[in-house]
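Order-wise, the sequence lines are chains A and B.
In this text, residue positions in the first sequence follow UniProt numbering: the first is 1, and each later residue adds one.
In this text, residue positions in the second sequence follow UniProt numbering: the first is 1, and each later residue adds one.
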Amino acid sequence: MTKHFFGDTAVLLGRSLRHIGRSPDTIITTVVMPIAFMLLFVYVFGGAIQTGSDKYVNYLLPGILLITVASGISYTAYRLFLDMKGGIFERFQSMPIARSSVLWAHVLTSLVANLISLVVVVLVALVMGFRSGAGALDWFAVTGIMMLFTLALTWLAVIPGLTAKSVDGASAFSYPLIFLPFISSAFVPTESMPGPVRAFAENQPVTSIVNTIRDLFAQQQVGADIWIALAWCASLLIVAYGVAMAIYHRKIS
Amino acid sequence: MSIDFQMSTEQVRGPVIQVQGLEKSYKDLHVLRGVDFDVARGSIFALLGSNGAGKTTVVRILSTLLKPDAGTASVNGFDVATQAANVRESISLTGQFAAVDEILSGRENLVLVARLRHLGDPGRIADDLLARFSLIDAAARKVSTYSGGMRRRLDIAMSLIGNPPVIFLDEPTTGLDPQARLEVWQAVRELAGQGTTVLLTTQYLDEAEQLADRIAVLHRGRIIANGTLPELKQLLPPAKVEYVEKQPTLEDVFLAIVGDVGTDSKVGAASPDGTNN
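As C-alpha cells, then:
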C-alpha cells in the first residue's frame, strides 16, 4: 500500500460518483424492479398471503431492500467491466498511484449508489403505507446491516467485473441473487412451504437478514437471527474479497 | 545544434530504455523470443512490425503491465520487474485504444490525471494542455462526443501530464483519418523537441520513416533490423536511378480536396513556432 492510497481512492471515487451523477438512469433502473415487485405483491398477491402482520408492506419491505441491492450491484460489475475493457484501467495501472485504489473506488461508489437506491425504495414504501415505530438506533442498525450486505455483494460483483468477457456476462450474475429472496421468508412465512423448500428457505442467508430487519422495524426483540445474518454477511464478504483480490493481483501483475 | 547536445548527455547517462533478451509466451504462443534494443534519451524510437509481431507485448512489459518470462528491461535506470513503482513515475502510456473517460469532459479527464499524479494546481495544467492541443472549444464537452482525432489528442495530452521523461505510444495513429494522423505526428515531434523520449509502435512504414530517429523491425518476436533510416536503407543494394513520373498519392489528393490541414488550426496551434518540421 503506498502513501497515496486514501488520496488516490478519493480522486477515483469522485470520478465514479460523477458517472452516477451523469447517468441517474442507473439508479432508476436499479429501483424499478424492486418497486415493481413491491407494487405487485402489495396490491395484487398480498391480499392472499397470510403473514400475521397487520400490513403486508411492512412484512415485505426488508426483502425488497435486499432485492434492491442485488439489482444495484450488477452496475458495479458493469462499471468495472467497462473500465477494464477501455484503456483507462491500463492507464491507471501504468501510473504512479496506489493500485488497489482503482478497485476500492468502485467498491465505495457501489455503497453510495446502493444507499441512494435504498432510500428511494424506502420512500416509495412510505407512500404505499409502510410505517415503522423504529427509533434512531433501530434505523442505524438496519442501515449497518444493509451496508454490510451491500459491501459483501459488491465484492462478489467485483469478480465478474474483472473476469467477464462481455457486458451481459458482467451483469448476469446478479439474477440468481435477485431471485434468492423468493425462496426465503421475504414474501411469505416459511411455515407454509413444503419440507425441503422450507429447509432451504430457513437456512439460506436471506431469511436471517430479512427476519432481523423485520424485527428491527417492528421494534421486536431481535433473536439469534441477527448473529446468523451478520455471520453470513461477514463470511461472504471475506470469501468474495479474498477471491476478488486474488483475481485482481493476477490481472495486474 | 540540439542533436549534438543530446548525444553528449546520452553518453553521460546512457540509454534511457534498455531491453535485453526479453521473452514472453502465452501458453504455446511465443510472442517474444529474445528482444534486445536500447533507446537513446530524447530520441524517437519506432518499433515497426505487422499485427501480432509482439509490439504491444513489448510496450506492456516496459510500462509494468506485464511481467516477462525471461530477460531484463530498464526504463530511466529502473528495472521494470523490481522497481516498477519508480518506472511508473518515469513513464506515460498511451495504449492502442484511447484511454480516456467517455463520461467525463476533456478538461475533467486532464484534471483527473493531474490529481492522480499528485500535482499542484491541476486546473491550470488542464487548461494549458487544452490550449496546446487545440481542445479549448471542446473542453467542457463529454468525451463521448469527440471525434477519433480529438480523442487521440486528449489521450496524448493526458500522457504528458507531469512531464514524464519517457512516453510510450502504442499504435498512436491506427484508425485515424489522414488529418488526425498529421496532428498526432506533430504532437509527437513537439514532444521529442522538448527532450522527452518517445517509443512508438506502428505498423505503418511511412510513420516510422516520418518520425523516428531510429527504427527497429520486430518480426515474429525478434528484432531483425535496428538502425537509423539511412542505415536501414543500406541493407538493400544501392538505389538505382530511375525516372518515374511523380503521381500525387491518394493522400495528397485527399488532403488537397478536403482543404489544407492548416486551416483546421489544430496543427498550427499545436506548434505555433513551427519547430521540428
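Heads up, the beta-carbon is just placed ideally off N, CA and C, and yes, glycines get one too.
Beyond the five residues adjoining it in sequence on each side, B/I156 comes within less than 6 angstroms, by CB distance, of T94 and A187 in the same chain, given in chain order. The way I'd put it, the stretch 223–239 of chain A doesn't touch the stretch 69–77 of chain A; fewer than three beta-carbon pairs between them come closer than 8 angstroms.
Interface with chain B (9 angstroms Cβ-Cβ cutoff): A/E191 is excluded. Within the stretch 113–186 of chain A, the alpha helix (DSSP H) runs of at least 4 residues that lie entirely inside it are, in chain order, 136–163, 167–172 and 174–179. Taking one beta carbon from each stretch, the stretch 191–208 of chain B and the stretch 115–124 of chain B have fewer than 3 pairs nearer than 8 angstroms; the two do not touch. Interface criterion met: the Cβ of B/V100 is under 9 angstroms from a Cβ in chain A. Interface annotation for the stretch 96–127 of chain A against chain B: P96, I97 and S101, criterion Cβ-Cβ distance under 9 angstroms. Setting aside the 5 residues that flank it on each side, B/N109 is surrounded in the same chain by V100, D101, V143, L154 and M158, each with a C-beta closer than 7 angstroms to its C-beta; the list follows chain order. Each residue's CA atom was taken as its position, placing B/F97 and B/L48 some 18 angstroms apart.
Counted as a single uninterrupted DSSP element, the beta strand (DSSP E) harbouring B/N226 occupies residues R222 to G227.
The three-state reading of DSSP puts B/R41 in coil, since its state is none of H, G, I, E or B. CA-to-CA, the gap between A/S184 and A/Q204 works out to about 7 angstroms.
Residue environment: B/V166 is assigned as buried (16 or more neighbouring CB atoms within 10 Å of its CB, all protein chains considered).
Secondary structure of A/I97 (DSSP, three-state): coil.
Chain B places a beta carbon closer than 9 angstroms to that of A/F92, counting this residue as a contact.
In the assembly as shown, A/F179 is an exposed residue. Its beta-carbon has fewer than 16 other beta-carbons within 10 Å. For B/D252, the uninterrupted alpha helix (DSSP H) run begins and ends at L250 to V258, by DSSP. Look at A/R22: its C-beta is under 9 angstroms from a C-beta on chain B.
Taking the CA atoms as reference points, B/I44 sits about 15 angstroms from B/Y204. The Cβ-Cβ distance between B/S147 and B/A126 does not fall below 9 angstroms. With contacts defined by Cβ atoms closer than 9 angstroms, A/D168 and A/L216 do not form a contacting pair. Going by beta carbons, B/P172 and B/R152 fall inside the 9 angstroms limit. Counting of Cβ neighbours within 10 angstroms places A/G87 among the buried residues, the total reaching 16 or more.
With respect to chain A, the C-beta atom of B/L160 has no partner C-beta closer than 9 angstroms. Going by DSSP, B/A139 is part of no beta strand (DSSP E) at all; its letter is neither H nor E. Along the stretch 78–89 of chain B, going in chain order, the ones with a CB nearer than 7 angstroms to a CB of chain A are A85, R88 and E89. When rounded, the separation of the alpha-carbon atoms in B/R222 and A/F92 is 29 angstroms. Around the beta-carbon of A/A224, fewer than 16 other beta-carbon atoms lie within 10 Å, marking it exposed. Shown in chain order are the members of the stretch 47–66 of chain B whose Cβ falls below 7 angstroms from a Cβ of chain A: S63, T64 and L65.
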